[in-house]
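Below is one structure, written out as structure tokens, with a few remarks after it.
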């Protein structure tokens, strides 16, 4: 689209051609010249262009309204030509001044403000004609100047009108656009509100769904927790049952192991007795023995076979000792060997003449007579009275008593009567055939024996637990034992039964545990002292069992009674006799030593958590009396030296702290007067215990001190 005429500037106006217009104003007043100019413009190439009033390009309309009015360069060129033609016509008519000459070609062709469009060929051809303007091959008449001014005014008026219309339309368009923008803003605002509401709704829905999911998951979690709790309770119940079964199984195994050990020990003792009997039988076979009446009898075959049997049994015992305890098959084999040895002896005796048998019989009778005479002599010596000195011992140079004092024996008999009465109280329960009574009796016995067997020197806390368990049992509280709840009130005689068995178990621990491990005497003595202080009857029964098992703890030496067998007398002396066979001397001394050590520990120790306001139920004064009684009695070979050494080693330190100078005087009496009496009755092969006792006395008197025994409980023991 070509630029409007209002945007063009007339060249003549810039070249100072205003005067020319004024000169020819009268000539252009003619009305027809204006229309001719308009026709010429319409017929030109520019006039044939199409102009659109309502353009879609709002920017061009706005630019046209705002920019100043300018004529096109073509309009100036046309006016110049028209002015030139008018001048020439006026010159011919004699009324055109010289000043109205055409402007130079250079100025006319120069553009005013904008770059003019190039003229067409028809217009260039017509430029050589001075009278007319040829536009689009048509010759236009030259219009007058006044008419051009009118045209210009009309053009400006129309441009102003169109500018106003454009402004109005632009304002309307702006208002329409503003209304559209406001409507769009309102719509966008409403849509934003709806979007926010929808977003809020979705958020609330999501929160509600999340709450529902959380509630559902919470319910599921609670259900799972309840299920897990139920499974945990079920598993805990099963585990408790398994633990109870395992504990019962362990206790059964311990009981079986204890029975197996006891049976093994019994079988081992049986093997030892069989071996001893075999050796004794083998000694009866003398291959070099020849009777004067039977010179041709040769006993070497019997001797060789006897030696073979003894060697086989010795090897069997050695193998079983290395392996552990002997089996029943081993006992059966040794018994078979014993039977063979007996048969061998029997065969040998059948071959020996009756004279040899008579001689052997006479020798045995003489031996028995000697033993009876010796026993009668000992009994006669025991019946001679001798005053006892329990407080201060003063040894006499003459003979001592072999019998305990009357007060001591009365006390001993009272304790034995108490034990017999207690045993008689539960005898009906012991001999009951009722299965329920047997079960309760077995559970009560386990509740007593198992804790006592667990006493050790490991820790004070464990020792306290064992004491509390025994204390609860004796006080009538329920106690768990081998997975069962035990009460002494389940049977009428249950308390007497527990008292008796507990005291018996304490004594058995002394002759078994303390005899093997000397340090264990102190924790066992602590428990005995605490139980004795709380339940005095248990202490009396403990003393009764101790005196019966070890009469030297009274002390007294049982006398032989007329008509009593040798086995009964040996049992009274404290020996174990089984199958008419007395135990070995070393084993006997070991048991007696363990019992005396336990007794010496009991009289000096007290349970630290008991009532310490009262006196010790069986304190050091009883130990001083025991020493006095021992020194007032004739010593026994090996036994007296062994027991005195064990007693002083355990409680010598406590007696030294208690009695001071009197104690050292007592030791001097032992060294100067009593040891020579022991030496007088001791053979060369029996001086080991005497030598150890003498060395102990010498070191104690030289150092003026007796150290604490090994294993004595220190304060740190109770913190363990």
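Residue numbers (the working numbering): 984 to 1703. A virtual CB, placed ideally from N, CA and C, is assigned to each residue, including glycine.
For the beta strand (DSSP E) that residue 1464 lies in, which residues bound it at each end? Looking up residue 1464 in the chain shown gives position 481. Residue 1464 -> beta strand (DSSP E) spans 1462-1464.
Could you give the distance in angstroms between the alpha-carbon of residue 1521 and the alpha-carbon of residue 1619? One-based indexing of the chain shown puts residue 1521 at position 538. One-based indexing of the chain shown puts residue 1619 at position 636. So the two alpha carbons sit approximately 31 Å from each other.
Touch check for the stretch 1260-1267 and the stretch 1310-1325: three-plus C-beta pairs under 8 Å? yes
Applying the criterion that 16 or more other CB atoms from any shown protein chain within 10 Å of the CB defines a buried residue, is residue 1229 buried or exposed? As a working mapping, residue 1229 is identified with position 246 in the chain shown. That one is exposed.
Please specify which runs of the alpha helix (DSSP H), each continuous and at least 4 residues long, are wholly inside the stretch 1488-1515, giving them in chain order. none
Helix, strand or coil: which one does DSSP assign to residue 1624? What you label residue 1624 is simply residue 641 of the chain shown in a count that begins at 1. Note: residue 1624 maps to helix in three-state DSSP.
Measure the alpha-carbon distance for residue 1604 versus residue 1239 and round it to whole angstroms. Looking up residue 1604 in the chain shown gives position 621. Looking up residue 1239 in the chain shown gives position 256. So the two alpha carbons sit approximately 43 Å from each other.
For residue 1561, which residues does DSSP report across the bridge? The count along the chain shown starts at 1 and reaches residue 1561 at position 578. 1564, per the DSSP bridge assignment.
Residues sharing a beta bridge with residue 1469, DSSP: Along the chain shown, read from residue 1 onward, the residue named residue 1469 stands at position 486. The partner list for residue 1469 (beta bridge, DSSP) reads 1462.
Quick check: the Cα distance between residue 1689 and residue 1675, rounded to an integer number of angstroms? The sequence position of residue 1689 within the chain shown is 706, counting from 1. The sequence position of residue 1675 within the chain shown is 692, counting from 1. Distance between the alpha carbons of residue 1689 and residue 1675 is about 15 Å.
Spatial neighbours of residue 1081 within its chain, please: C-beta separation below 8 Å, excluding the five flanking residues on both sides. Counting from one through the chain shown, the residue named residue 1081 turns up at place 98. Unreliable positioning characterises residue 1081 in this predicted model, as indicated by a pLDDT of 38, which lies under 50. The coordinate reading is nonetheless provided below. Contacts found: none.
Touch test, the stretch 1623-1634 against the stretch 1572-1584, Cβ-Cβ under 8 Å, three pairs minimum: yes
For residue 1704 versus residue 1584, is the C-beta spacing smaller than 8 Å? The displayed coordinates of the chain run from 984 to 1703. Any statement about residue 1704 would go beyond what the structure contains.
Do the CB positions of residue 1534 and residue 1616 come within less than 8 Å of each other? Counting from one through the chain shown, the residue named residue 1534 turns up at place 551. Counting from one through the chain shown, the residue named residue 1616 turns up at place 633. The answer is no: Cβ separation not under 8 Å.
Taking the alpha helix (DSSP H) that residue 1539 belongs to, which residues open and close that run? Here residue 1539 refers to the residue found at position 556 when the chain shown is read from its first residue. That residue, residue 1539, is in no alpha helix (DSSP H); it is neither H nor E in DSSP.
Evaluate contact between the stretch 1549-1567 and the stretch 1469-1483, counting only Cβ atoms and requiring at least three cross-stretch pairs below 8 Å. no
Taking the CB atoms as reference points, tell me whether residue 1512 and residue 1588 lie closer together than 8 Å. Start at 1 with the first residue of the chain shown, and residue 1512 comes out as number 529. Start at 1 with the first residue of the chain shown, and residue 1588 comes out as number 605. Cβ distance < 8 Å, so residue 1512 and residue 1588 count as in contact.
Return the CA-CA distance between residue 1553 and residue 1698, expressed in angstroms with no decimal places. Along the chain shown, one-based indexing puts residue 1553 at 570. Along the chain shown, one-based indexing puts residue 1698 at 715. One C-alpha to the other measures close to 43 Å.
Start and end residues, alpha helix (DSSP H) containing residue 1420: Taking the first residue of the chain shown as position 1, residue 1420 is located at position 437. Where residue 1420 is concerned, the enclosing alpha helix (DSSP H) stretches over 1418-1436.
Which of helix, strand or coil DSSP assigns to residue 1645: Mapped onto the chain shown, residue 1645 falls at position 662. Reduced to three states, the DSSP call for residue 1645 is helix.
So, at 6 Å on beta carbons, what are the nonlocal neighbours of residue 1683 in its own chain, with the 5 sequence-adjacent residues on each side left out? One-based indexing of the chain shown puts residue 1683 at position 700. Same-chain partners within the cutoff: 1689.
Backbone secondary structure at residue 1302 - three-state DSSP: As a working note, residue 1302 is residue 319 in the chain shown. The answer is helix: DSSP assigns residue 1302 an H, G or I state.
Please state whether DSSP places residue 1593 in a helix, a strand or coil. Here residue 1593 corresponds to residue number 610 of the chain shown, with the count starting at 1. If DSSP states are grouped into helix, strand and coil, residue 1593 belongs with coil.
If you run the structure through DSSP and keep just helix, strand and coil, what is residue 1031? In the chain shown, residue 1031 corresponds to position 48, counting from 1. Note: residue 1031 maps to coil in three-state DSSP.
Chain-order list of residues whose beta-carbon lies under 7 Å from that of residue 1693 (same chain, five-residue window excluded): Residue 1693 sits at position 710 when you count from the first residue of the chain shown. Cβ within range, chain order: 1502.
Would you say residue 1290 and residue 1265 are within 8 Å of each other, going by their C-beta atoms? Locating residue 1290 in the chain shown gives position 307, counting from the first residue. Locating residue 1265 in the chain shown gives position 282, counting from the first residue. It is a contact, given that the beta carbons lie within the stated cut-off.
Beta-carbon contacts of residue 1528 that lie in its chain and below 6 Å, excluding the five residues immediately before and after: Here residue 1528 is taken as the residue at index 545 of the chain shown, counted from 1. So the qualifying residues of the chain are 1486, 1487, 1490.
Is the stretch 1246-1257 in contact with the stretch 1307-1315, if contact means three or more CB pairs nearer than 8 Å? yes
How big is the Cα-Cα spacing for residue 1193 and residue 1447? In the chain shown, counting from the first residue as 1, residue 1193 sits at position 210. In the chain shown, counting from the first residue as 1, residue 1447 sits at position 464. Computed Cα separation, rounded: 60 Å.
If you follow the alpha helix (DSSP H) that residue 1659 is part of, which residue opens it and which one closes it? In the chain shown, counting from the first residue as 1, residue 1659 sits at position 676. 1658-1664 is the span of the alpha helix (DSSP H), which, as asked, contains residue 1659.
Figure out for me which residue from 1518, 1499, 1458, 1609 has the closest Cα to the Cα of residue 1392. Locating residue 1392 in the chain shown gives position 409, where the first residue counts as 1. Among 1518, 1499, 1458, 1609, the Cα nearest to that of residue 1392 is on 1609.
Which word fits residue 1685, buried or exposed, when buried means at least 16 other C-beta atoms lie within 10 angstroms of its C-beta? Indexing the chain shown from 1 puts residue 1685 at position 702. By the 10 Å Cβ count, residue 1685 comes out exposed.
Between which two residues does the alpha helix (DSSP H) holding residue 1655 run? Along the chain shown, one-based indexing puts residue 1655 at 672. From DSSP, residue 1655 is part of no alpha helix (DSSP H); its letter is neither H nor E.
Pairwise C-alpha distance: residue 1218 and residue 1510: Numbered from its first residue, the chain shown carries residue 1510 at position 527. Numbered from its first residue, the chain shown carries residue 1218 at position 235. Approximately 39 Å between the Cα atoms of the pair.
Is the stretch 1419-1435 touching the stretch 1449-1468, taking contact as three or more C-beta pairs under 8 Å? yes
What separation, rounded to the nearest whole angstrom, lies between the Cα atoms of residue 1368 and residue 1386? On the chain shown, position 385 is the one that residue 1368 refers to. On the chain shown, position 403 is the one that residue 1386 refers to. Because the pLDDT at residue 1368 is just 37, under 50, the model does not fix this residue reliably, and the value given afterwards should be weighed accordingly. For residue 1368 and residue 1386, the distance between alpha carbons rounds to 8 Å.
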